[in-house]
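Chain order of the listed sequences is C and B. Take the first sequence: its position 99, counted from the start at 1, is 136 in the working numbering, and no numbers get skipped. Take the second sequence: its position 442, counted from the start at 1, is 444 in the working numbering, and no numbers get skipped. Everything below concerns the one structure shown next.
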Amino acid sequence: MTAKTTQAGRRLRFEIFRYNPEDPESTPHMQTFELDETPYMSIFIALNEIREKQDPSLQFDFACRAAICGSCGMMVNGRPSLGCRTLTSDLPDVIKLHPLPVFKLIGDLSVDTGTWFREMVEKTEGWIHAQEAFDPDAQETRMDDDTAAAIYENDRCIECGCCVASCGAANVNEDFLGPAGLNRVARFAMDPRDERSDADWFEVVSNQDGVFGCIGLMACHDICPKELPLLEVYGYLRRKALSSAMSKRG
Amino acid sequence: MSGSLLSTDVLVIGGGLAGERCAIEAAAAGHNVLILSLVPPRRSHSCAAQGGMQASLGNCVKADGDNPTLHFLDTVRGSDWGADQEVARIFAEEAQIAVRELAHFGVPWTRVRGGKNSYFIKGERVEIEESIENDGLIMHRDFGGTAKWRACYAAAGTGHAVLYAVDSEVVRLGVEVRDRTEAVELIHDGSRCWGAVARCLRTGEHYPILAKATVIATGGYGRIYGQFTTNATINEGMGAAIALNTGVVPLGNMEAVQFHPTGLIPSGILLTEGCRGDGGYLLNRDLHRFMVELEPHKQELASRDVVSRHMAQQMRDGKGVETPYGPHLWLDIRHLGEEHVTTKLREVFDITRDFVGLHPAHDLIPVRPTQHYSMGGVRVNKDGEAYNLAGLYAAGEAACWDMHGFNRLGGNSLAETIVAGRIVGRTVAAHAEGFSLDAKTGLAFGATRHAESRAEDWLGRSGDGPSVYELRDAMATTMMDKVGIFRTGEELQEGVDELRTLLGECDRAVLRSKAPGMNPELTFALRLKNMMRLALVTTEGALARTESRGAHYRTDYPLRNDAEWLNRTLVRWSVDAPEPNYSYEPVGLIDLPPGHRGYGSDERIELTMSVEEYNADVDEKQREHGKLETVDPIGTRIQWGAWEQAV
Numbered sequence: 038m039t040a041k042t043t044q045a046g047r048r049l050r051f052e053i054f055r056y057n058p059e060d061p062e063s064t065p066h067m068q069t070f071e072l073d074e075t076p077y078m079s080i081f082i083a084l085n086e087i088r089e090k091q092d093p094s095l096q097f098d099f100a101c102r103a104a105i106c107g108s109c110g111m112m113v114n115g116r117p118s119l120g121c122r123t124l125t126s127d128l129p130d131v132i133k134l135h136p137l138p139v140f141k142l143i144g145d146l147s148v149d150t151g152t153w154f155r156e157m158v159e160k161t162e163g164w165i166h167a168q169e170a171f172d173p174d175a176q177e178t179r180m181d182d183d184t185a186a187a188i189y190e191n192d193r194c195i196e197c198g199c200c201v202a203s204c205g206a207a208n209v210n211e212d213f214l215g216p217a218g219l220n221r222v223a224r225f226a227m228d229p230r231d232e233r234s235d236a237d238w239f240e241v242v243s244n245q246d247g248v249f250g251c252i253g254l255m256a257c258h259d260i261c262p263k264e265l266p267l268l269e270v271y272g273y274l275r276r277k278a279l280s281s282a283m284s285k286r287g
Numbered sequence: 003m004s005g006s007l008l009s010t011d012v013l014v015i016g017g018g019l020a021g022e023r024c025a026i027e028a029a030a031a032g033h034n035v036l037i038l039s040l041v042p043p044r045r046s047h048s049c050a051a052q053g054g055m056q057a058s059l060g061n062c063v064k065a066d067g068d069n070p071t072l073h074f075l076d077t078v079r080g081s082d083w084g085a086d087q088e089v090a091r092i093f094a095e096e097a098q099i100a101v102r103e104l105a106h107f108g109v110p111w112t113r114v115r116g117g118k119n120s121y122f123i124k125g126e127r128v129e130i131e132e133s134i135e136n137d138g139l140i141m142h143r144d145f146g147g148t149a150k151w152r153a154c155y156a157a158a159g160t161g162h163a164v165l166y167a168v169d170s171e172v173v174r175l176g177v178e179v180r181d182r183t184e185a186v187e188l189i190h191d192g193s194r195c196w197g198a199v200a201r202c203l204r205t206g207e208h209y210p211i212l213a214k215a216t217v218i219a220t221g222g223y224g225r226i227y228g229q230f231t232t233n234a235t236i237n238e239g240m241g242a243a244i245a246l247n248t249g250v251v252p253l254g255n256m257e258a259v260q261f262h263p264t265g266l267i268p269s270g271i272l273l274t275e276g277c278r279g280d281g282g283y284l285l286n287r288d289l290h291r292f293m294v295e296l297e298p299h300k301q302e303l304a305s306r307d308v309v310s311r312h313m314a315q316q317m318r319d320g321k322g323v324e325t326p327y328g329p330h331l332w333l334d335i336r337h338l339g340e341e342h343v344t345t346k347l348r349e350v351f352d353i354t355r356d357f358v359g360l361h362p363a364h365d366l367i368p369v370r371p372t373q374h375y376s377m378g379g380v381r382v383n384k385d386g387e388a389y390n391l392a393g394l395y396a397a398g399e400a401a402c403w404d405m406h407g408f409n410r411l412g413g414n415s416l417a418e419t420i421v422a423g424r425i426v427g428r429t430v431a432a433h434a435e436g437f438s439l440d441a442k443t444g445l446a447f448g449a450t451r452h453a454e455s456r457a458e459d460w461l462g463r464s465g466d467g468p469s470v471y472e473l474r475d476a477m478a479t480t481m482m483d484k485v486g487i488f489r490t491g492e493e494l495q496e497g498v499d500e501l502r503t504l505l506g507e508c509d510r511a512v513l514r515s516k517a518p519g520m521n522p523e524l525t526f527a528l529r530l531k532n533m534m535r536l537a538l539v540t541t542e543g544a545l546a547r548t549e550s551r552g553a554h555y556r557t558d559y560p561l562r563n564d565a566e567w568l569n570r571t572l573v574r575w576s577v578d579a580p581e582p583n584y585s586y587e588p589v590g591l592i593d594l595p596p597g598h599r600g601y602g603s604d605e606r607i608e609l610t611m612s613v614e615e616y617n618a619d620v621d622e623k624q625r626e627h628g629k630l631e632t633v634d635p636i637g638t639r640i641q642w643g644a645w646e647q648a649v
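Here you go:
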C-alpha cells in the first residue's frame, strides 16, 4: 500500500477552542493537548483520543466518520474542513481547531448546522414542486441519464456547512442563502420534475440574499469537501435570473 | 431537573429513512407527528448506504424478466430460510412502488442508456445493447445473491440521494423534528406504550413526550462491536435497548449479525457491494482471485455471509496481507477504468483517496470483512406492531420484521426502510386515534424521574473505578474475538462470561467529567449498560443456537439444522430481572420449502415434519409469544406456490 501514513514519531500539539454555554463558569478560551501521532491518524481519531484519555468534557460531532454525513465541519488551522477525512499527516506539528463560524455554537467544536439547514430548505422550498400526485400503478417518468447525472452532481452536497463558514457574504449577512443554499436552488431548478417557473426562481435568488449577494471570493469552491462545481452553479443561477428579468421586461 | 411535558399523536424515534418515511405517511393522514433524532436527519446513517436499492423493475437487459417472485425467492434464499416468507413477499411486491415513489420525491436515479453499453461480468468485458424502448427508465446494477440485475442506484450515493429526497418531503409537510435528542426510556404500563422520555443532547435535560403511537426506527446496534464496524458512531442500538428494558417486548434473532466483505482497513469504512456488482475482484496475498474456484457460479457475488466466510478462511490460511492492523485481502476495481470509478463509483474513489491515499483505478484497495448490519431487532408482526405492547411499532434495521432472517441481501435494507416505513406508517395512522393522553401524566413523570435518577447516579459516583471507554473497548474486543464470523461454543461461552463481568463493572465505573449540560461522557455512560445488555443477548443467543444459518456460523455445528432450528430466537429482559428469558417461535408460514441457496454449502439437516405440519400452528404459536392481531390474518398475502413458475 502506498499510504498516507505518518511522519514518524511526531508529537502533535492541538490547540482547541473551548466554551460550554451550559456552564456559567465557562469562558471562551484555547486549551492545549499533546498527542503522539499514529498511522492514518485523522482529526476524528485524535479528538476521540483526547476526549477518552485527557478531557472527557470535550464536545465535538462525528457520525459516519467517512465524509458522507457532514457532521464534523470545523476550522482546522483556519480552514473549514471535515474532521473525519483530515489526516494529521497532511498538517504541521501544531493543529488549531475552532468551531465553524456563522452557525450557533453548542459547545467547544460543536455547532448547530441542523437548524440552519432546515431553515434554508424551508426558505428555498427545497423539494420537488409537482402538481400531479404519485400514481403507484404507473411506470416511472422517464429521464435522460445525462440529466440524472447532472442533478446528482449537485445533489451530492452533504450540508456540512464548510462553504457557509468560508463565505464572506454569509459571515456578514445572516439572511444570505449561502453557497449550499444556492446550490440547493440550482439542483431543483435544473430538475425537469420541478414545475417552478423562471419567475418563481427569480423571487428566490435575484436579490442580495440570493445569487447577487455573492461577493465573488469563491473560497466555497476551493474548500467544498465534495468538490461541488459551485462556480458553475452561480453562473447558471445568474443566467437564469437574467433571462427571467429579460422575459419580464419583454 | 425535568422539562415540561409534550404530547403528540405519533412519536417517531429515529430520523433515518424508515422513521422519516413512516412519519410522512402518518403526517399525510393528518396526524401530529414528532420525530426525535440523535443528529439532524440528513446525517442519519441511512446516508451511508452506497450501492443500491433492490426493486424488480426489470428495466435493463440483464434484468429482463425480473419480477417480485424472483425477488422474493432471492430474499428467502439469502435469509437461509430464516425470514418470514409472507413479509418477504409483501416486501418484494411493494419495493417497486417504493423506488418509483422516490423518483417522484426527486431521487436522481441512474437511468437506462438505450444503445450499446459496456459492462464487466464475471471477469469479462461485455458489450450489451440496451433497448431504445427502455431508454430513460430506472437502471439496475448487479449485487450479491440475486438472479437478475436489480439494484436501482444513484451512482454510489444512493442512500444520500434517497435520504435527502425523503427529508425534503418531511420538511414540505412541516413535520417537527427535534434533532440532538435521544429517547432514553419508553413510557408504558405493561400492556400499552404511551410515548417516551427524551433527553436533550444540547442541555442534558430530560422531559416526557406522551404519544398515541410510538415508532422505534433507530437503526442497528453495530457499535457493540466498537470500531470493528462499518456503522456510524450513532448506531448504538438504543431503540432496541429501550424496548428490551420494558421486559415485555421481545427482540428477535439478535445473534444474526452481518459482516460485509469489503470494509476498508484500518478505519472500517464501507466500500459498496457495487464494486463487485460492477465487476470488481477479491484477491488474496498472491493476487489470486480465490472466489472463482470457491463459488464457481456466483464468484464474488455470492451472498455476504458466504463471501465473508471465504475471506476469513483465506486469512486464517495465511493468505492475507499482514499489517500492524491485522491481515487483509485486496479489492481490485482497476480494470473498470478511470471513468467508471470516478463516476458510477465516485464515493468509492473519494473514500479511498481521502482515507488511505489510493487511486482505485491504479491501486489495489485493502479490505476485510467488517460488522455491517443487524438482522435482529424489535420483533414486530407484519403490520409493524411490537409484540406484547400495543401502541409500540418498529421499522427498518431497528426492527425484526423479519424479511432478512439470518442474512440480508445487499440493497434490500434501503428498500426495506421505504417499504416498511410506508406500511408501518399506514398502521400507525390507523391506530393513532381515539385515545386520551390526559390520564397518563403520572406515568410520564414517573418514567422521567426514573431516567433522571440514572443520570444522577452516574454524576454522584466517585472513586477510581474503570472509565466508560475502557469498558466499551473491552466489550468490543470480546464481540469481535468471540462473536464474529466463525463461532464456537467454547468461545461464545467465554464471551458470555466476559460480558457478564463487564456488565457488573458498569456499576463500578466512574465519570471523569461532571461538566454541566449534555456532558459527552455522561451521554455515553447512559448508553453503556444498554449496549452491554444487547451484546450479552446477542452472544447468549448465538451460544444457544447449535446450528449454522446465514451469518450465524458455528464451526462446531457447521450444518443448517431445519429439524431443530427453523425458528426465531426471542429474548425478553426487564431492567430489574437478573436473567434474560429466551424462547423460540416458528419463522412464519413457509411457502418456498427449505432447500439449497444456490451458493455456499449444500449440506443440511432436513426438516423432519412436512411443510403443512409446520404451517399448521404458526399463528397460534406466535400469538403465544405475544404477537398482536394483524389487520389481515397471517398468510393472506402469500401467493402460495407462485414461485413454482419461476424455478
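Cβ atoms here follow ideal geometry from the backbone N, Cα and C, with glycine treated the same way. Computed from a predicted model, the values in this text were never measured in an experiment.
Residues sharing a beta bridge with residue i, DSSP
i: Leu165(B); result: Paired residue(s): none; Leu165(B) is not in a bridge.
i: Ile140(B); result: Arg113(B)
i: Lys118(B); result: Glu131(B)
i: Cys154(B); result: Met55(B), His142(B)
i: His66(C); result: Arg55(C)
i: Tyr395(B); result: Val217(B), Glu387(B)
i: Ile15(B); result: Leu38(B), Ile218(B)
i: Ser550(B); result: BP columns for Ser550(B) are empty, so no partner.
Cutoff 7 Å; reference residue i; Cβ partners in own chain excluding five residues on either side
i: Gly205(C); result: Ile252, Leu254
i: Arg456(B); result: Leu528
Residue closest to residue i, alpha-carbon to alpha-carbon, out of the options
i: Ile335(B); options: Glu615(B), Asp466(B), Pro362(B), Thr354(B); result: Pro362(B)
i: Ala396(B); options: Ala215(B), Tyr209(B), Ile271(B), Ser550(B); result: Ala215(B)
i: Leu494(B); options: Met482(B), Leu504(B), Leu505(B); result: Met482(B)
i: Leu513(B); options: Lys263(C), Arg122(C), Arg88(C), Phe81(C); result: Arg88(C)
i: Tyr471(B); options: Leu439(B), Arg570(B), Ser515(B), Asp440(B); result: Ser515(B)
i: Ser314(B); options: Lys442(B), Gly16(B), Leu331(B), Gly147(B); result: In the sequence as presented, Ser is not what sits at residue 314(B); that position holds Ala. Of Lys442(B), Gly16(B), Leu331(B), Gly147(B), the residue nearest in Cα terms is Leu331(B).
i: Arg306(B); options: Asp11(B), His554(B), Ser612(B), Ala392(B); result: His554(B)
i: Thr69(C); options: Ala175(C), Phe81(C), Phe51(C); result: Phe51(C)
i: Ala57(B); options: Ala31(B), Ala30(B), Glu22(B), Glu103(B); result: Glu103(B)
i: Arg551(B); options: Asp68(B), Phe357(B), Phe292(B), Val308(B); result: Val308(B)
Contact set between residue i and chain B, taken where Cβ atoms lie within less than 7 Å
i: Val201(C); result: The premise fails here: Val201(C) is roughly 14 Å from chain B at the closest Cβ pair, so nothing lies under 7 Å.
i: Val242(C); result: Chain B residues near Val242(C): none, gap ~18 Å exceeds 7 Å.
Min CB distance residue i to chain B below 9 Å
i: Cys261(C); result: no
i: Ala223(C); result: no
Residue-chain proximity (residue i, chain C), Cβ-Cβ < 9 Å
i: Tyr166(B); result: yes
i: Ala157(B); result: yes
i: Asp181(B); result: yes
i: Cys277(B); result: no
i: Tyr209(B); result: no
i: Asp103(B); result: It should be noted that the sequence gives Glu, not Asp, for residue 103(B). Answer yes: the Cβ-Cβ gap between Glu103(B) and chain C drops below 9 Å somewhere.
i: His73(B); result: no
i: Asn286(B); result: no
i: Glu507(B); result: no
Sequence-distant residues of its chain with Cβ nearer than 8 Å to residue i (five each side left out)
i: Met240(B); result: Glu184, Ala185, Val186, Thr220, Arg529, Asn532
i: Ile165(C); result: Phe225, Asp228, Arg230, Asp231
6 Å CB neighbourhood of residue i in its chain, flanking five on each side removed
i: Pro582(B); result: Val539, Val573, Trp575
i: Gly159(B); result: Glu349
Proximal chain C residues relative to residue i, where beta-carbon distance stays under 8 Å
i: Tyr283(B); result: Result: empty, since nearest Cβ-Cβ is about 17 Å, beyond 8 Å.
Chain-ordered chain C contacts of residue i [CB-CB under 7 Å]
i: Tyr471(B); result: Glu89
i: His262(B); result: Chain C residues near His262(B): none, gap ~13 Å exceeds 7 Å.
Per-residue contacts from residue i into chain B (C-beta, under 9 Å)
i: Arg122(C); result: Asp352, Ile353, Asp356, Phe357
i: Asp73(C); result: Those within 9 Å of Asp73(C) in chain B number zero; the least Cβ separation is about 15 Å.
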